[in-house]
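Heads up: the protein sequence lines correspond to chains A and B, in order.
Those letters in the first sequence? Residues 93 to 579, by our numbering.
Those letters in the second sequence? Residues -11 to 440, by our numbering.
Just so you know, even glycine gets a beta-carbon here, dropped at the ideal spot from N, CA and C.
This structure is a prediction, so every number in the text was calculated from the model and none was measured.
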Amino acid sequence: MIPGVDPRLLEKWEPVIGLEVHAQLATESKMFCRCRRIYGAPPNTHTCPVCLAYPGALPVLNAQAVEFAIRMGQAVGCQIRSLTTFARKNYFYPDLPKGYQISQYDEPICEHGQLSFYLEDGSMSTVGITRIHMEEDAGKTIHGVKNESYVDFNRCGTPLIEIVSEPDIRSPHEARRYLERLKQTLEYTAVSQADMEKGNLRCDANISIRPRGSQTLGTRTEMKNLNSFRGVERGLTYEINRQIQVLESGGTVTLCTLNWDEATGETQIMRTKEEAHDYRYFPEPDLVPLLIDPQRVAAIKASLPELPAALERRFTEQYGLRSQDVEILARTRQLAAYYEAVVQAGVAPTDAAQWILGEVLRVLNEEHQEIQDFPLKPAALAELIQATTQGTINRNTGKNVFDKMLKEGLSVTEIVERDQLAQVSDTAALEDTVRQVLAGSPKELGRYRGGEAKLFGYFMGQVMAATKGQGDPQVVRSLLQQILDES
Amino acid sequence: MSPIIRERLQAFPVALKKQGELNAVITDTSSQALEQLDASPDGPLSGLLLAIKDNLNLVDTPTTAASRTLEGYVSPYTATAVQRLLDAGAAIAAKTNLDEFAMGSSTEYSCFGPTRNPHDHERVPGGSSGGSAVVVATALVEAALGSDTGGSVRQPAAFCGIYGLKPTYGRVSRYGLIAFASSFDQIGVFARSTELTAKVFEVIAGHDPLDSTSADEPVVHFDYSEERARGLTIGIAPEYDHEGVEREIRERYHDLIHFLKGQGLTIKEISLPHTAHGIAAYYVLTTAEASSNLARYDGVRYGRRVHAPANLEALYTDSRSSGFGAEVQRRIMLGTYLLSAGYMDRYYIRAQRVRRLIQQDFITAFEEIDILVTPTTPTIPFPIGGKVNDPMTMYLSDVFTVPMSLAGIPALNIPAGTGANGLPIGLQLSANYFGEETIFQLSRFLEQNYST
């Protein structure tokens, strides 16, 4: 089943998808020079003779970038080459100052890995990873309104890894989940910031359609610019429909490169087969072959943090959480760590999950914030949750206190004291309030007695309002029941 | 600071003007050197006037590579080798003429016009580092840097009658040297004595973190020992001694070998069987690398850009077509073709294989010998205009220098007198990887004992 594609046609045709994902590495400096790797700086303020390709400048490989590439390779079970080489990919474009990109060609650093993840229906999918190679990013071309163009070279030379999957993916949803898992793995290993909005993570896809049961691949198209999770699903669905239509009407798919336009939800042809670039790859003579010590690889492997799949398994088993809750909590390493810190502060695992999935994520979404920037530290949240479970305040009051803590930066105790929010569970005091409320609502009382049982809720509300929300709902409920039953 | 150097720098523009007809210098940097003289450190090159080929960056000076394509470009930084000269106390008086982007063997393919041979103004000084060879030969400066990709230091040194060293590939940092063919390019030294050649070499050699291909091998200090020189085993190879070589050069070569034999050195005939394929492999590999190295001259960031191009394609093609000279365009096109899909295996891959065979030839030979002695060039300096329209003949003038470049081994041209018409003859001493110091031993021995 693929939403947006006629299921009858999918009985007949099978989509085959492979993804090429570029991830910017979270290094201090650029791939081949000492310039800082930075996002959002004023144009051309982080450049030097090397990344601007001045005459005579030479590249020097960033050791941290190699470290990160190996780390990601290890995280997805790749083999790491003991000897890896760089190659020049030659083409002209204003944002490519050397006229070639330093990349890797026939001897990439990582090969033969795989990535596993769960699909919406709970089944597990495993996608093969053909290779991961290192390369450098280009600058950014900005087109002006008067037919003029500008180039910003700050991004130029940013270290990248390109992660190439096998054509193992069968639906846009699966592609999305693969990409999500890849992003998650990049973040867990701290190899990349992997923020699609900032262009840290960029996705291209190869798509073909074949008759179901066929073992050979159909003619593929390459789709560029699938730069959001939604875009990946939409773009692939669009292209699957287009190719099936072509095949259904007796036509053939032609090899070409398409550009996905997120705004219009359509693709344009970027290059036909005839216009395809001949990149004239050849060994990069300015860099020597890189020898990688197997002991270093082993050390990097040993230093890998807990990876998403392992963490999810542990959360399910250790904390008894539902798989869909685990999946959300494990989405980023920082969120998972936040959750665990709350639990470690003494909160029951399910209570901690409930609060984080409910209140914390709501605020993060509203404020477009990341958990690492969330002002409420795990200890403060734990204190609040404990105040509700121990009966100091009720859960609804707790939510209000939560908002006030965020707004005012005060502790639970401070807010509860200042606003006199401590829960009233004094039966005598509450009984007075109940009697006053009932006395003040003779009409409703009459109807209740006449059999309208649903008015119980009305009285509950009135009493809680009269206590300004501080009444312990459990106590109010039993008192109210008791007094109504009296007469 | 020696007052003599100040006077010489002050007098430099006049001295340069006197030999203006030779057209050896593109930029006179003596006034800049004069300004910096007081801040110049004391070092092994203090008091010496030097020149550098104009494909080496020196901060705040134009670096032209003798190409229109770099018009207006002023270096924002200094090449490592040049910086080491300055740090050793040298004064850099001039940036010298060359074949455009070091592509040529005569210093005729320069947008600033040809450089002339001081021994005969109607003949070429060799190339591509012709300007550096001439300013050293005419004693305008004490020593100069050139760059040698397939003979561009050794051949002009031979044509001008001076010493010219191409070090082992990786010995001298290429950082700041405008690339022609990265896996061949090596900065070299011109001087009028073995001692100074060695001294300048020792200053510029050694590892540089800015060049990944620079070697981490210690630089052996040259300390002449006649005893060591006499103990060397000399190799000669039939591949460098045949009818294609001009008679005068062969005679001088044989004379020198006889002299060495007479002095009691061991002479061994060895074979370098793949020599004949050197030129073809060299032109395949160097043009392929050059086609990519010269892609950066696109008119976007610096250098020549045509005014108001119609579109991006026109910006590239018009800027590049009007910026590069004919020989450079020929090599870019050839190299682009050789790397194209379907041709890569047939040319580039095969040429790489030939390169390995030639390397192996030398490695085997140097198991038996210490120094290979050969002619540097098959001909004496040829007339200006004689080969410019016949690229194949021009390419063949590097036939004896290209094999060492393919292998990456060091080689030195030594002056070996002149022929009947007064034109210099050069002979080439080659050694195993990092064997520069051994070469200097034999060179100094000959300098002291061999006279023509």
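For residue j and residue i, the rounded distance between their alpha carbons
{"i": "residue 368(B)", "j": "residue 407(B)", "result": "8 Å"}
{"i": "residue 499(A)", "j": "residue 456(A)", "result": "14 Å"}
{"i": "residue 19(B)", "j": "residue 179(A)", "result": "43 Å"}
{"i": "residue 30(B)", "j": "residue 165(A)", "result": "52 Å"}
{"i": "residue 215(A)", "j": "residue 444(A)", "result": "27 Å"}
{"i": "residue 532(A)", "j": "residue 526(A)", "result": "10 Å"}
{"i": "residue 463(A)", "j": "residue 473(A)", "result": "13 Å"}
{"i": "residue 592(A)", "j": "residue 461(A)", "result": "No answer is possible for residue 592(A): it lies beyond the span of chain A, which begins at 93 and ends at 579."}
{"i": "residue 400(B)", "j": "residue 409(B)", "result": "24 Å"}
{"i": "residue -1(B)", "j": "residue 336(B)", "result": "50 Å"}
{"i": "residue 411(A)", "j": "residue 283(A)", "result": "28 Å"}
{"i": "residue 470(A)", "j": "residue 454(A)", "result": "16 Å"}
{"i": "residue 76(B)", "j": "residue 189(B)", "result": "12 Å"}
{"i": "residue 480(A)", "j": "residue 562(A)", "result": "12 Å"}
{"i": "residue 125(A)", "j": "residue 160(A)", "result": "17 Å"}
{"i": "residue 433(A)", "j": "residue 446(A)", "result": "14 Å"}
{"i": "residue 320(B)", "j": "residue 370(A)", "result": "16 Å"}
{"i": "residue 263(B)", "j": "residue 394(B)", "result": "10 Å"}
Interface flag, residue i vs chain B, CB-CB below 7 Å
{"i": "residue 582(A)", "result": "For chain A, the structure presents residues 93 to 579; residue 582(A) sits outside this window and is missing."}
{"i": "residue 135(A)", "result": "no"}
{"i": "residue 186(A)", "result": "yes"}
{"i": "residue 178(A)", "result": "no"}
{"i": "residue 209(A)", "result": "no"}
{"i": "residue 374(A)", "result": "yes"}
Proximal residues of chain B, C-beta to C-beta of residue i below 9 Å
{"i": "residue 236(A)", "result": "Those do not exist, as residue 236(A) stays about 14 Å from chain B at its closest Cβ, beyond 9 Å."}
{"i": "residue 146(A)", "result": "45, 61, 63, 64, 65, 284, 289 and 290"}
{"i": "residue 182(A)", "result": "279, 280, 283, 324 and 327"}
{"i": "residue 381(A)", "result": "Near residue 381(A) there are no residues of chain B at all, since even the closest Cβ is about 10 Å away, more than 9 Å."}
{"i": "residue 581(A)", "result": "Residue 581(A) lies beyond the stretch modelled for chain A, which goes from 93 to 579, so this question has no answer here."}
Under 7 Å from the C-beta of residue i: neighbouring residues of chain B
{"i": "residue 370(A)", "result": "328 and 329"}
{"i": "residue 190(A)", "result": "283 and 284"}
{"i": "residue 141(A)", "result": "64 and 65"}
Contact set between residue i and chain A, taken where Cβ atoms lie within less than 9 Å
{"i": "residue 199(B)", "result": "150, 152 and 378"}
{"i": "residue 51(B)", "result": "147 and 148"}
{"i": "residue 39(B)", "result": "Those do not exist, as residue 39(B) stays about 17 Å from chain A at its closest Cβ, beyond 9 Å."}
Within chain A, partners of residue i - CB distance below 8 Å
{"i": "residue 163(B)", "result": "148, 149 and 150"}
{"i": "residue 336(B)", "result": "374"}
{"i": "residue 276(B)", "result": "374"}
Burial state of residue i, where buried means 16 or more other Cβ atoms lie within 10 Å
{"i": "residue 2(B)", "result": "exposed"}
{"i": "residue 79(B)", "result": "buried"}
{"i": "residue 265(A)", "result": "buried"}
{"i": "residue 237(A)", "result": "exposed"}
{"i": "residue 378(B)", "result": "exposed"}
{"i": "residue 544(A)", "result": "exposed"}
{"i": "residue 96(B)", "result": "buried"}
{"i": "residue 203(B)", "result": "buried"}
Any C-beta of chain A under 7 Å from that of residue i
{"i": "residue 171(B)", "result": "yes"}
{"i": "residue 166(B)", "result": "yes"}
7 Å Cβ cut-off: residues of chain A touching residue i
{"i": "residue 304(B)", "result": "184"}
Neighbour list for residue i in chain B, Cβ cutoff strictly below 8 Å
{"i": "residue 158(A)", "result": "Ordered by position in chain B, no residue passes the 8 Å Cβ test against residue 158(A), which lies about 13 Å from the chain."}
{"i": "residue 407(A)", "result": "Within chain B, no residue comes near residue 407(A); the closest Cβ sits about 45 Å away, beyond 8 Å."}
Residue i beta carbon near the ligand NAP (any heavy atom closer than 6 Å)
{"i": "residue 164(A)", "result": "In terms of ligand content, the structure shown is empty, and the ligand NAP therefore cannot be addressed."}
Chain D residues whose Cβ lies nearer than 9 Å to that of residue i
{"i": "residue 58(B)", "result": "Given the protein chain composition of this structure (A and B), no chain D is represented."}
The stretch 158 to 167 of chain B / the stretch 143 to 151 of chain A touching (three or more Cβ pairs under 8 Å): yes
At least 3 beta-carbon pairs within less than 8 Å: the stretch 144 to 158 of chain B vs the stretch 35 to 53 of chain B: no
The stretch 377 to 395 of chain B contacting the stretch 234 to 253 of chain B, beta-carbon criterion three pairs below 8 Å: Verdict: no, contact absent.
Contact between the stretch 59 to 67 of chain B and the stretch 101 to 115 of chain B (3+ Cβ pairs under 8 Å): no
Segment contact, 8 Å Cβ cut-off, at least three pairs: the stretch 118 to 135 of chain B with the stretch 174 to 181 of chain B: yes
Meets three-Cβ-pair contact criterion under 8 Å: the stretch 347 to 363 of chain B and the stretch 135 to 143 of chain B: Counting Cβ pairs under 8 Å, fewer than three are found: no touch.
Cβ pair count under 8 Å reaching 3, the stretch 279 to 297 of chain A against the stretch 316 to 329 of chain A: yes
Sufficient close CB pairs (3 or more, under 8 Å) joining the stretch 323 to 336 of chain A to the stretch 348 to 358 of chain A: yes
At least three beta-carbon pairs within less than 8 Å, the stretch 313 to 331 of chain B to the stretch 273 to 283 of chain B: Contact between the stretch 313 to 331 of chain B and the stretch 273 to 283 of chain B is present, because at least three Cβ pairs lie under 8 Å.
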